[in-house]
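Single-structure report; data block below.
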Amino acid sequence: MSITAAPAADTALQSGAEVVLRALKDQGVDVIFGYPGGAVLPIYDALFQQNSIRHILVRHEQAAVHAAEGYARSTGKVGVVLVTSGPGATNAVTGLVDALMDSIPVVCLTGQVPTHLIGNDAFQEADTTGITRPATKHNYLVKRSEDLARVMHDAFYVAKSGRPGPVVIDLPKDILIKPAPYSEAPAPNAPHRSYRPVTQPDAARIQEAVRLLKQSQRPVIYAGGGVINSGPEASRLLREFVHLTGMPCTNTLMGLGAFPATDPQFIGMLGMHGTYEANLTMHGCDVMFNIGARFDDRITGRLDAFSPGSKKIHADIDPSSINKNVKVEVPIVGDAAAVLAAMIECWKSDPTPVAKEAQLGWWRQIDEWRKRDCLAYVQQGPIIKPQHAVKRLYEITKELGRETFISTEVGQHQMWAAQYFGFDKPNRWMTSGGLGTMGYGLPAAMGVQIAHPDALCIDIAGEASILMNIQEMGTLAQYRLPVKVFILNNEYMGMVRQWQELLHGGRYSESYSDALPDFVKLAEAFHARGLRAETSDQLDDVIREMIAHPGPVIADICVAKDENCFPMIPSGAAHNDMIMGPGQEKNAAAVTDAGKVLV
Amino acid sequence: MSGTNVRTATIAVLVENEAGVLARVIGLFSGRGYNIDSLTVAPVDEEGRLSRITIVTSGTEMVIEQIKAQLDRLVPVHRVHDLTMEGPHLTRELALIKVVGKGENRVEALRLADAFRARVVDATTESFVFEMTGNADKIDAFCGLMRPLGLKEVCRTGAVAIARGTAHMAA
C-alpha cells in the first residue's frame with residue numbers, strides 16, 4: 002500500500018479489458034449482467050480467464066439493465082451491465098432511463114468501435130455517449146488508455162453518490178486491447194474534482210422544520226424512494242421519527258417499505274391510486290414533511306389544488322427536486338438518513354411544545370376516513386378478482402414467513418400490488434415508478450434472485466407487460482433461478498382499457514390482448530412449471546404450488562376482465578376529488594380537456 | 086406557484102473542460118424547455134482544464150432557480166453563479182458588422198460608428214466592417230441605425246459577464 006495521498010498507480014501494464022475487470026473487482030462487484038458482441042469481445046475473453054466476477058447472460062440488453070436495477074434496489078449496491086456497441090447500447094437505453102427516473106445506481110459498460118473508426122459510420126457504431134447523455138446521470142467515452150482506470154472508479158462514485166443514477170462508460174475496442182496502466186480507487190473521503198453533493202443538512206433549517214411540525218395541528222409525513230436509496234438506516238430512523246412524533250405517515254409508490262405497512266401510523270400509499278385516507282390527509286394537512294420524494298405529478302394531481310392550506314418541508318438530496326413542482330416553505334438539502342437523524346435529535350432537544358390535543362383530533366378525522374375502507378372489494382362467485390389474487394398472495398407468503406421480494410410490470414396489476422401487498426421492510430419492492438416501463442418486472446426479479454438466491458422472488462405481472470421481456474424465461478432456466486411470475490391475466494392492457502372506459506367513451510382502441518400465448522405451455526417451453534387458476538377455488542392451491550415448486554414458475558391467474566383500479570384521482574383532479582369505485586365513474590366524465598391532456 | 090413574472094438572468098458556469106460538456110449544458114436547456122438567449126464558452130485557466138460558460142436566459146423566478154439547480158448537478162460543473170442576482174456585474178459582447186453602401190450613407194455610417202466607438206477593421210470603397218464591444222443594447226441600437234445605411238451582415242459573440250469588485254469565481 003502506498004502511504005501517499007495519491008492513489009497507488011500500477012505501472013505494470015495489462016490489457017484495457019483486464020483493467021476494466023480489476024476496477025470492477027476493486028469496486029466490490031461480484032456479478033454483472035450482459036450480452037456479448039464484437040466490440041466487447043476483449044472483456045468477454047478476460048472474463049473467461051478469471052473467477053471473481055460472475056457474468057449472467059441475459060437474452061436482451063434492456064433486461065440486463067433491469068436485472069442490474071433489481072440487483073441494486075434489493076442490495077443497495079451498484080448494479081453492473083456489460084453490452085456491446087451499436088444495438089447493444091441502444092437496446093440498453095430504456096433500462097438506463099428507467100434507472101435515471103427511479104434514481105437507481107447502475108454502471109453500464111458499452112463497447113464501442115475502435116477510436117480510429119469513431120465517426121465513420123462503422124459496423125455496429127452508434128453515438129452512444131450522444132444517445133445516452135439525457136438517459137444517464139453521467140457518461141464517459143474513454144479515448145486514452147491512461148484515463149481508463151480513473152474513469153472506471155469515477156463512474157462508481159458518481160453512480161452511488163448524491164441522488165444515485167445510471168452511468169455509461171463507452172469503451173472503444175482498441176482501448177480494451179491495448180495495454181493500460183491501473184490505478185486504485187481514490188480514498189473514500191478524497192474530494193471529487195467537481196461533483197460533491199451535499200449530504201449533511203443545515204441545522205437552522207432542521208430546527209425550523211421541527212418547530213413547524215411541533216406546532217402543527219394536522220401534520221403528515223410523506224416519505225419516498227429517497228429514504229430507501231439512503232440505506233436501511235434511513236428506514237429505521239424514519240420509523241423512529243414517526244413513532245417519536247406520533248404523526249401519520251404515507252409512502253409513495255417508490256417509498257413502499259420505507260415505513261412498515263402494518264404499522265398503525267401508516268395510512269397507505271398516496272397519489273393517483275393511493276388510499277382515501279392518505280390523499281385526504283395530504284389535502285387537509287397544515288404541515289407536510291416530505292422526505293425523499295419529489296412531488297411527482299402522480300402524487301400531486303392538480304397542482305394548484307394540491308394540499309392548498311399546508312406549509313411544506315421538503316428534504317431531498319437533489320436540490321433540483323426542491324421547488325421544482327411545488328413551492329415549499331422549508332427546503333432541506335441532505336441525505337435522508339442524515340436529515341432524519343438530525344430531526345430526531347432536534348425534536349428531543351427543542352423546547353417547543355407539541356400541539357398534542359389538536360393532533361389527537363387530527364387522528365380522529367383520519368380514522369373517520371379510514372372507515373371508508375377504500376380498498377374493500379367483493380370476492381364472490383368463481384371469477385377471481387385481481388385484488389383478491391394479490392391479497393391472497395400477500396397473506397400466503399406472510400403465513401409462510403419466507404423472505405419475499407416483489408417486482409412488478411406496469412399497469413393495473415402494479416397498482417393492485419402496491420395497494421394489497423404490504424411491505425414492512427425496505428428493498429423488498431421493485432417497480433418502475435418514474436418511467437413506467439412495461440417489461441421491467443421479470444428481469445428485475447431475476448436480478449433480485451441472483452442477489453438473494455434463497456429468497457422468494459415474485460414478479461406480479463399483467464399478461465401484456467410480461468410479453469415485453471418474456472425471453473428472460475430463458476435466463477431463468479439457464480441459471481436455475483426460481484423466480485415466480487404471477488400473471489393477473491384479464492386479457493386487456495388493463496390500465497389503458499380503464500382510461501378508455503373512463504375518459505374515452507368506452508372505445509377500447511387496441512387495448513385487447515388478442516392472440517395470447519398459452520402461458521402454461523409457454524412456461525414449459527422455457528423449462529419452467531406452468532400453472533393456471535381459472536376459478537376462485539383454485540387460487541390458493543395455485544399460489545401454494547407456485548411457491549413450493551423449486552424452479553421458475555409462470556402462474557396464469559385468469560381474473561375479472563373489466564375490473565378497474567380504485568380509488569383513482571382522475572388526471573387533472575385534486576386529492577379530494579377521488580373516484581372511489583364502480584358507480585362513481587361519472588366523476589370522470591367531468592374531466593376537463595386540460596386534465597385529459599395529462600397522462 | 087410563485088409569480089409569473091419573467092426575468093432575464095446572466096448565469097456564469099465554471100466547468101471541466103472535457104469532451105461533451107457543452108452538449109450536456111445545451112441538452113439540459115433543450116430537453117427541459119428552457120430558453121437560451123445567448124451562450125459563450127472558452128477555456129479560462131492556464132492548463133486549459135476549466136472552461137467558463139456564460140448563459141443569458143429568461144424565465145420565471147422558479148424556472149431560473151431550476152436552471153441553476155439543474156446546471157449545478159451536472160457532474161463536470163464546478164460552480165454556478167447568477168450574476169444578475171448577485172450584485173453589480175459587467176456584461177460585454179463583441180460584434181462584427183458589415184455595412185455596404187456609397188455616397189452620403191457611407192459618411193453617415195462612419196459618423197455614427199465614431200459616436201458609438203465602433204472601430205473600422207476592414208474597408209473597401211463600398212463597404213466597412215465595424216468592430217464593436219458593449220452590452221447587447223448598445224449593439225442592438227447601432228445595428229438599428231445601420232439598417233437604412235446598408236447593413237448586410239452581423240456576427241455577435243453573445244454576452245460574457247463578470248462580477249464587479251473583489252467577488253470572484255473559483256473552482
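Chains as they are written, first to last, in our numbering: chain V, 2 to 600; chain X, 86 to 256.
Quick reminder that beta carbons are idealized off the backbone N, C-alpha and C, glycines included.
Remember, predicted model here, so these are calculated numbers, not experimental data.
| Check | Outcome |
| --- | --- |
| Minimum Cβ-Cβ distance from Glu19 (chain V) to chain X less than 8 Å | no |
| Boundaries of the alpha helix (DSSP H) in which His67 (chain V) is found, first to last residue | 62-76 |
| 8 Å Cβ cutoff, Arg202 (chain X) in contact with chain V | no |
| Short CB-CB distance (under 8 Å) between Pro332 (chain V) and chain X | no |
| Three-way DSSP call (helix, strand, coil) for Tyr513 (chain V) in this model | strand |
| Within chain X, partners of His67 (chain V) - CB distance below 7 Å | Simply none; closest approach about 23 Å. |
| Member of V:Lys26, V:Ile471, V:Gly39 whose CA lies at the smallest distance from the CA of Ala524 (chain V) | V:Ile471 |
| Test: Asn90 (chain X) CB closer than 8 Å to a CB of chain V | no |
| Short Cβ contact (8 Å threshold) for Val199 (chain V) with Pro173 (chain V) | no |
| Thr137 (chain V) vs Val168 (chain V) beta-carbon contact at 8 Å | yes |
| CB contact below 8 Å: Gly105 (chain X) versus chain V | yes |
| With 16 other Cβ atoms within 10 Å as the buried cut-off, status of Ala574 (chain V) | buried |
| Sequence-distant residues of its chain with Cβ nearer than 7 Å to Val411 (chain V) (five each side left out) | Ser433, Gly437, Thr438, Met439, Tyr441, Ser466 |
| Local conformation of Ala6 (chain V) per DSSP, three classes | Because Ala6 (chain V) sits at a pLDDT of 48, beneath the cut-off of 50, its placement in the model cannot be relied upon, and the following sentence gives the value as read from the coordinates. Ala6 (chain V): coil per DSSP, three-state reduction. |
| Within 8 Å, strictly: CB atoms of Gly120 (chain V) and Gly226 (chain V) | no |
| Sub-8 Å separation of Met469 (chain V) and Pro553 (chain V) beta-carbons | no |
| Every unbroken beta strand (DSSP E) inside the region 482-549 of chain V [3 residues or more] | 485-490, 530-534 |
| Chain A residues whose Cβ lies nearer than 7 Å to that of Lys325 (chain V) | The structure shown contains no chain A; the protein chains it does contain are V and X. |
| Ile178 (chain V): first and last residue of the uninterrupted alpha helix (DSSP H) it sits in | 174-178 |
| Contacts that Glu101 (chain X) makes with chain V (C-beta to C-beta distance below 8 Å) | Arg194, Ser195 |
| Beta carbon proximity, Val484 (chain V) to chain X, threshold 8 Å | no |
| 8 Å Cβ cut-off: residues of chain V touching Gly116 (chain X) | Pro135 |
| Where Ser184 (chain V) falls: helix, strand or coil (DSSP) | strand |
| Selection of the region 307-323 of chain V by Cβ proximity to chain X, strictly under 7 Å | Asp319, Pro320, Ser321 |
| CB contact below 8 Å: Met147 (chain X) versus chain V | yes |
| Pair within 8 Å by beta-carbon distance, Pro444 (chain V) and Gly71 (chain V) | yes |
| Under the three-state DSSP convention, the category His274 (chain V) falls into | coil |
| Residue range of the beta strand (DSSP E) that includes Pro220 (chain V) | 220-224 |
| Any C-beta of chain V under 8 Å from that of Ala108 (chain X) | yes |
| Collapsed DSSP secondary structure at Met254 (chain X) in the structure displayed | coil |
| Sequence-distant residues of the same chain with beta carbon closer than 6 Å to Ala198 (chain X), five excluded per side | Phe215 |
| Those residues which DSSP pairs with Leu457 (chain V) across a bridge | V:Thr405 |
| Identity of the residues DSSP links to Tyr141 (chain V) by a beta bridge | V:Ile170 |
| Whole-angstrom C-beta distance between Ile105 (chain V) and Ala210 (chain V), which should lie under 8 Å | That pair is no contact at about 28 Å. |
| Neighbouring residues, chain V, relative to Val160 (chain X) (Cβ below 8 Å) | Lys138, His139, Val159, Ser195, Tyr196 |
| Beta-carbon separation (whole angstroms), Val108 (chain V) vs Phe157 (chain V), contact threshold 8 Å | 6 Å |
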